[in-house]
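Here you go:
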């Protein structure tokens with residue numbers, strides 16, 4: 102089968118996605134599939150449209166090409182308004198299906214899935230709605246609670262309405278604070294004492310619309 106493995110992207114998990122995508126592409130080609138590795142954001146500048154899914158293909162070279170953009174992602178994001186890189190959608194339309202090796206925002210949150218649904222592009226994994234709901238840990242927890250699934254106690258807070266006295270919310274220290282819609286070591290903090298929580302909230306509250314406290 103002709104398969105596009107999408108990796109990279111713009112989330113805080115770009116590096117993890119590249120590792121995943123490289124492994125996926127190697128595995129698919131080992132099974133005889135004509136898989137190619139493509140960065141969803143940086144794309145492929147040159148494509149042999151006479152043979153876009155070649156039988157002979159260097160996955161590691163493609164991975165190295167994607168990694169070469171890593172130092173420039175933030176700059177590229179400021180320069181561009183669009184998300185899909187050069188030739189990405191064209192390649193995806195020509196593929197039998199797209200294997201999503203993306204992690205984090207604009208990969209696991211339903212946006213890519215919704216776009217592909219509208220374009221008739223087949224892809225792996227769940228659809229846009231379940232992806233979006235599962236990406237937001239606050240929504241996920243609420244859904245579990247509604248169905249009687251046991252979950253740890255906690256609250257969801259907006260950064261602009263963050264409460265420093267967690268006792269008012271029925272929480273006691275230590276607590277774990279995590280962004281609702283991200284998964285990165287910089288977006289997860291454990292606070293042993295109230296004074297540290299009040300003094301050093303870290304990047305979590307600064308970079309997310311709401312955070313999830315346990």
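In my numbering, the protein residues as written are 102 to 315. Ideal Cβ placement from N, Cα and C applies to all residues, glycine included.
Taking the Cα positions, residue 211 is about 7 Å away from residue 228. Approximately 6 Å separates the beta-carbon atoms of residue 107 and residue 201; this is inside 8 Å, confirming the contact. Taken in chain order, the complete beta strand (DSSP E) segments of 3 or more residues contained in the segment 182-211 are 198-201. If you look at residue 132, you'll find it isn't in any alpha helix (DSSP H); DSSP assigns it neither H nor E.
By the Cβ rule, the segment 113-125 counts as touching the segment 159-176, because three or more pairs are nearer than 8 Å. Excluding sequence positions up to five before and after residue 178, its CB lies within less than 7 Å of the CB of 111, all in the same chain and listed in chain order. In the DSSP assignment, residue 103 forms a beta bridge with 135. Between residue 281 and residue 240, the gap from beta carbon to beta carbon is short of 9 Å. Three or more Cβ pairs drawn from the segment 166-182 and the segment 137-148 lie within less than 8 Å of each other, which places the two stretches in contact.
Judged by beta-carbon spacing, residue 148 lies within the 9 Å limit of residue 191, meaning their Cβ atoms are closer than that value. Contact annotation: residue 183 and residue 102 have beta-carbon atoms that are not nearer than 9 Å. A buried status is given to residue 237, since no fewer than 16 other beta-carbon atoms sit within 10 Å of its beta-carbon.
Sorting 279, 156 and 117 by C-alpha distance to the C-alpha of residue 257 places 279 at the top. Distances from the alpha-carbon of residue 171 to those of 216, 275, 245 and 115 put 115 closest.
About 10 Å separates the beta carbon of residue 275 from that of residue 290, a gap too long to meet the 8 Å contact definition. Annotated three-state conformation of residue 252 is coil, per DSSP. Closest in alpha carbon position to residue 189, among 173, 205 and 153, is 153. With a threshold of 16 other beta carbon atoms within 10 Å, residue 225 falls short and is exposed. Counting along the chain, residue 280 sits inside the beta strand (DSSP E) bounded by residues 276-280. Between residue 186 and residue 127, the alpha-carbon positions lie close to 22 Å from each other.
Here the C-alpha atom of residue 195 lies approximately 20 Å from the C-alpha atom of residue 132. The continuous alpha helix (DSSP H) containing residue 167 extends over residues 160-168.
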